[in-house]
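So the mapping is simple: the working numbering equals the position in the sequence shown, first residue as 1, plus 56. A virtual CB, placed ideally from N, CA and C, is assigned to each residue, including glycine. So the structure is just underneath, and the comments pick up after that.
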Amino acid sequence: MARDAVTAVANVAAATTDAVLVATPAAGQQARQVIVGLVLSAGATGTTVQINSKPAGAGAAVSPVFTLAASQVVVLPHDDGGWFSGLAGAGLSVTTGAGGGVGVAAVVRSG
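In structure tokens, the structure reads:
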């Protein structure tokens, strides 16, 4: 695991907008939250999932839309450079499609 990294885990229901994955940092902290490893696991029904930077409101997409088949697992292995990066001073959230829920596990570091 990357130095100073944390693991964030969430089970996100179908048709959820901006479920918190990593909370917004405390006021005055402007580091970016960088996902350096990611696992997405679809339930019994296929769905879509997207990672967002969440400063306020609806958030801004920082990943492509992943389209998962039923019971599909997607793994983005550890990459020190990071797969996705949020906005400075913002948390990270997950949005899912109407199809089904998604399990999310992410290794996140401040960068």
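CB-CB under 6 Å to residue 143, same chain, minus the five flanking residues each way: which ones, in chain order? Locating residue 143 in the sequence shown gives position 87, counting from the first residue. Counting only Cβ-Cβ distances below 6 Å, and skipping sequence neighbours, we find 109, 111.
Could you tell me the alpha carbon to alpha carbon distance between residue 137 and residue 87, rounded to whole angstroms? Here residue 137 refers to the residue found at position 81 when the sequence shown is read from its first residue. Here residue 87 refers to the residue found at position 31 when the sequence shown is read from its first residue. Using only the alpha carbons, I get a separation of about 15 Å.
Excluding the 5 residues flanking residue 79 on each side, which residues of the same chain have their C-beta closer than 7 Å to its C-beta? The count along the sequence shown starts at 1 and reaches residue 79 at position 23. Excluding sequence positions up to five before and after residue 79, its CB lies within less than 7 Å of the CB of 147, all in the same chain and listed in chain order.
Going by Cα to Cα distance, which pick from 116, 107, 121 is closest to residue 77? By 1-based counting over the sequence shown, the position of residue 77 is 21. Nearest C-alpha to residue 77: 107.
Flag residue 81 as yes when its Cβ comes closer than 7 Å to any non-hydrogen atom of the ligand FAD, and as no otherwise. With respect to the ligand FAD, the structure shown offers nothing to examine, as it has no ligands at all.
Taking buried to mean at least 16 other C-beta atoms within 10 Å of its own C-beta, is residue 57 buried or exposed? Within the sequence shown, residue 57 is the residue found at index 1, counting from 1. With a pLDDT of 47 at residue 57, under the threshold of 50, the modelled position of that residue is not reliable, and the figure given next carries that caveat. When all chains shown are included, residue 57 counts as exposed.
Within this structure, are the beta carbons of residue 141 and residue 90 separated by less than 8 Å? Within the sequence shown, the letter at position 85 stands for residue 141. Within the sequence shown, the letter at position 34 stands for residue 90. Taking the C-beta atoms as reference points, residue 90 is found nearer than 8 Å to residue 141.
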